[in-house]
Amino acid sequence: MKLKELNQTGIKIPSIGMGTWGIGGGLTPDYSKDEEFIQLLITGLKLGLTLIDTAEMYGAGHTEELVGEAIKNFPREKIFIITKVLPENLRFKDLIKAAEQSLKRLKTPYIDLYLIHAPNPKIPLKESMEAMEKLKEEGLIKFIGVSNFKVVQMEEAQKYLKNSYLVANQVEYNLFYRRIERDILPYCEKRNITVIAYSPLARGLIPKDEFIQKVALKYNKTASQLALNWLIKKPKVIAIPKSSKVERLKEFIGATDWELSKEDEEKILKYVILRYN
Ligand SMILES: NC(=O)c1ccc[n+]([C@@H]2O[C@H](COP(=O)([O-])OP(=O)(O)OC[C@H]3O[C@@H](n4cnc5c(N)ncnc54)[C@H](OP(=O)(O)O)[C@@H]3O)[C@@H](O)[C@H]2O)c1
Numbered sequence: 001m002k003l004k005e006l007n008q009t010g011i012k013i014p015s016i017g018m019g020t021w022g023i024g025g026g027l028t029p030d031y032s033k034d035e036e037f038i039q040l041l042i043t044g045l046k047l048g049l050t051l052i053d054t055a056e057m058y059g060a061g062h063t064e065e066l067v068g069e070a071i072k073n074f075p076r077e078k079i080f081i082i083t084k085v086l087p088e089n090l091r092f093k094d095l096i097k098a099a100e101q102s103l104k105r106l107k108t109p110y111i112d113l114y115l116i117h118a119p120n121p122k123i124p125l126k127e128s129m130e131a132m133e134k135l136k137e138e139g140l141i142k143f144i145g146v147s148n149f150k151v152v153q154m155e156e157a158q159k160y161l162k163n164s165y166l167v168a169n170q171v172e173y174n175l176f177y178r179r180i181e182r183d184i185l186p187y188c189e190k191r192n193i194t195v196i197a198y199s200p201l202a203r204g205l206i207p208k209d210e211f212i213q214k215v216a217l218k219y220n221k222t223a224s225q226l227a228l229n230w231l232i233k234k235p236k237v238i239a240i241p242k243s244s245k246v247e248r249l250k251e252f253i254g255a256t257d258w259e260l261s262k263e264d265e266e267k268i269l270k271y272v273i274l275r276y277n
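Structural data, given as structure tokens:
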């Protein structure tokens with residue numbers, strides 16, 4: 001697995017991790033496939049997908065519980081856990097409480113990277129960032145990040161951090177949706193901030209695209225592998241694809257350690273602009 005340094009931390013993280021939206025429910029918990037999902041996550045971890053992205057929102061907390069079950073038999077330091085606090089929990093006390101509850105569900109003493117899931121204009125960001133820094137001082141989280149933040153919001157967030165860097169912004173980014181290339185990506189590249197690309201397979205659309213499949217086949221790869229390879233080639237970008245199927249997790253691993261030619265990349269980008277814009 002190709003590793004990347006998290007912004008000025010010296011910590012190396014996998015360039016591909018596991019997304020977990022839909023594992024253990026959507027907006028409400030679903031307990032019907034618990035054992036299957038715990039085994040799925042364990043298999044992913046064994047395969048080398050040792051970065052897991054989750055959130056208090058997913059399965060209304062149940063997804064974190066499943067992640068907690070899956071990680072408990074692995075050495076904690078070998079796993080990198082990202083979770084997120086809901087925008088309605090961004091008041092100082094609420095944010096601390098949300099983190100404590102996530103830790104309980106994850107059955108772990110610390111969260112590696114804690115993200116504000118999305119901005120909430122009704123709550124002063126200063127308050128939230130102070131709470132984030134308090135959690136970090138207490139060792140309950142290792143690093144601070146955000147999700148779905150625009151450049152100005154990232155700048156504001158950094159302004160309120162006294163002793164920490166904002167290390168990541170998790171945003172939607174894939175071959176079919178390249179909005180962040182206008183501003184967020186160049187900003188993060190300049191500031192050394194890791195971009196965590198969510199929905200890297202365009203929520204399952206890319207694997208089904210016949211043109212992308214055809215180009216990928218030239219390399220003996222699949223469309224998913226091509227899409228992920230294209231993302232992680234960018235120095236600051238890591239990707240968190242999601243699948244509920246073991247074969248597909250194996251497929252994700254095959255996205256690293258090969259190179260798409262410049263010519264094929266251009267061909268694909270041209271096709272995408274004509275087909276999807
Ligand atoms: N911060 C945020 O606001 C935010 C927002 C969205 C997502 N996220 C995070 O990012 C992760 C990934 O994003 P995502 O789940 O939205 O989308 P994604 O990873 O782009 O796509 C996942 C979907 O693609 C399907 N899929 C995977 N491989 C496939 C294949 N070979 N053929 C056909 N379908 C395939 C999966 O179905 P199967 O499960 O059936 O394989 C799943 O429905 C999430 O799970 C979550 O952790 C964060």
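All residue numbers for the sequence shown refer to our numbering, where the first residue is 1 and numbers rise by one.
Just so it is clear, CB atoms sit at the ideal spot from N, CA and C, and this is done for glycine as well.
- If you draw a straight line from the Cα of T83 to the Cα of Y114, it is about 5 Å long.
- Judged by their CB atoms, I79 and L106 are not nearer to each other than the 8 Å cut-off.
- Taking non-hydrogen atoms of ligand 1 into account, the C-beta of R178 is found less than 7 Å away from none of them.
- In the structure shown, the three-state DSSP call for L185 is helix.
- In this structure, DSSP gives G17 a state outside helix and strand, which the three-state scheme calls coil.
- Put simply, of I196, L103, A131 the residue whose alpha carbon is nearest the alpha carbon of I180 is I196.
- The residue from L49, I116, R191, N163 with its alpha-carbon nearest to that of M18 is L49.
- Around the C-beta of I111, 16 or more other C-beta atoms lie within 10 Å, and the residue is accordingly described as buried.
- Per DSSP, S261 lies in no alpha helix (DSSP H) segment and is marked neither H nor E.
- The Cβ-Cβ distance between S224 and L205 does not fall below 8 Å.
- For I206, no alpha helix (DSSP H) run applies, since DSSP gives it neither H nor E.
- With at least 16 other beta carbons inside 10 angstroms of its own, T222 counts as buried.
- In the three-state reduction of the DSSP assignment, I23 falls in the coil class.
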